[in-house]
Amino acid sequence: MKKTLIPTEKPLEVHHDAVFQNMAPLTIQRYGWILDNFLEWCAEQGINPVSPKVREITNYLQDRPQWGVSRKTVALAALGHWFDYQGLPENPAKAASLRKTGRAGRAFAPKRLPAALDDTESAAFLRATTPKSGDSFPVRRKQLIQRLLFWTGLRVSEAVHLQVGDIRLDDEHPVLRVIGKGNKERQVPIADRLAMELLDYLEMREVFLDGQMSIKTVFCDRYGNPYTPAGVWSMVGDTFKSIGVEKRHKGPHVLRHTFATRQLQSGHPPAIVKAWMGHSDLRVLFSVYEHVMSSPKGVKPVE
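Following this line, the structure appears as structure tokens:
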């Protein structure tokens with residue numbers, strides 16, 4: 004039986020794994036940072052961190068004007084788990100006045116559309132990352148992980164941890180097996196063009212690794228070390244800069260938004276796109292891509 008925590012003059016020291024059970028390590032790290040930040044703020048303000056009032060949570064978010072809508076939404080999710088852990092009959096982080104749809108009055112910034120590549124920018128991105136004859140393996144590796152993100156909508160953390168056995172090219176309809184947030188498994192279709200590039204890449208990878216079958220990570224160096232998410236963010240930003248793409252966000256999530264936008268524009272059912280994206284709730288898809296689903300549908304291929 005867990006102990007009920009009480010407010011102190013110093014921030015509480017909390018075991019993140021206990022509060023955020025069965026979550027991905029990166030999620031625990033992000034939620035844990037926010038929780039520690041909130042506990043420190045409560046100690047400074049003399050507020051009970053176990054059962055604060057809704058207006059106190061709003062004040063906490065308002066005190067962080069540098070946080071955008073996404074960061075504040077993640078903060079509410081983290082705090083929601085914290086208050087659930089306390090066993091409160093009513094979770095103050097889930098109050099109607101704090102929900103993203105309500106924008107919490109002043110707590111959230113105005114809603115902005117997700118940053119995605121348009122058709123012209125997408126074509127330029129694909130040209131910039133197209134494999135060329137004579138490319139070295141490190142160059143091909145950098146190109147392909149970016150193209151994979153573009154064509155599958157994977158989160159960057161999912162892409163860097165992708166295993167060779169997760170690529171099912173021998174199936175009638177090639178798919179990627181992805182372990183996403185909350186250790187949930189899903190399958191994402193592989194476009195024909197990407198399937199051919201993956202096949203060529205895996206052959207080059209085997210030669211580069213000199214047949215070391217024990218190394219399973221798809222995008223790794225000769226010692227089996229994978230890319231870091233920060234490394235992928237940097238290379239995608241460099242590619243965007245090289246083709247003159249200017250977005251308020253310049254990392255891999257732009258490619259994820261692009262994938263979802265293209266699939267919805269092509270007429271794929273939102274429930275299918277939700278499954279490919281690994282969203283836990285269809286409402287997430289509707290809230291982010293409502294502008295796409297309300298526009299006329301074109302007829303575009305999955306790739």
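In our numbering, the protein residues as written are 4 to 306.
Even glycine gets a Cβ: it sits at the ideal position worked out from N, Cα and C.
These figures come from a predicted structure and were not determined experimentally.
Thr220, DSSP secondary structure in three states: It is a strand residue.
Under the three-state DSSP convention, the category Val248 falls into: coil
Lys253 vs Gly234 beta-carbon contact at 8 Å: No, the Cβ-Cβ distance between Lys253 and Gly234 is not below 8 Å.
Minimum C-alpha distance to Arg74 - residue among Val178, Pro141, Tyr34, Lys135: Tyr34
Ile31 in three-state terms, based on DSSP: helix
Through-space distance from Gln149 to Gly156, alpha-carbon basis: 10 Å
Through-space distance from Asn51 to Leu38, alpha-carbon basis: 14 Å
Arg58 to Phe86 span [Cα, whole Å]: 15 Å
Neighbour-count burial assignment, Glu249, 16 or more Cβ in a 10 Å radius: exposed
Whether Leu267 touches Lys277 by CB criterion (8 Å): no
Secondary structure of Val53, DSSP reduced to three states: coil
As assigned by DSSP and simplified to three states, the class of Pro192: strand
Under the three-state DSSP convention, the category Val17 falls into: coil
Residues near Ile182 by beta carbon distance below 6 Å, same chain, minus five either side: Glu188
Euclidean distance between Cα positions of Asp195 and Arg67: The alpha-carbon atoms of Asp195 and Arg67 are separated by roughly 45 Å.
Inter-residue spacing [alpha-carbon to alpha-carbon] between Met26 and Thr220: For Met26 and Thr220, the distance between alpha carbons rounds to 21 Å.
Collapsed DSSP secondary structure at Leu91 in the structure displayed: coil
C-alpha gap between His294 and Leu172, whole angstroms: His294 and Leu172 have their C-alpha atoms roughly 34 Å apart.
Pro255, buried or exposed, once every other Cβ within 10 Å from all chains shown has been counted against 16: Label assigned to Pro255: buried.
Reduced DSSP secondary structure (H/G/I, E/B, other) of Ser290: Reduced to three states, the DSSP call for Ser290 is helix.
Boundaries of the alpha helix (DSSP H) in which Leu129 is found, first to last residue: 122 to 132
Where the beta strand (DSSP E) containing Arg180 begins and where it ends: From DSSP, the beta strand (DSSP E) with Arg180 extends over 178 to 182.
Close beta carbons around Phe222, own chain, < 8 Å, minus the five adjacent residues each side: Arg144, Leu147, Ile148, Ala162, Val163, Leu165, Pro229, Tyr230
Buried or exposed (CB count within 10 angstroms, at least 16 for buried), Leu202: exposed
For Gln353, three-class secondary structure by DSSP: Summary: the structure shown does not reach residue 353, with the chain confined to residues 4 through 306, and so no result is reported for it.
Own chain partners of Val291 with C-beta closer than 6 Å, once the 5 adjacent residues on each side are dropped: Pro117
Terminal residues of the alpha helix (DSSP H) in which Met280 lies: From DSSP, the alpha helix (DSSP H) with Met280 extends over 273 to 280.
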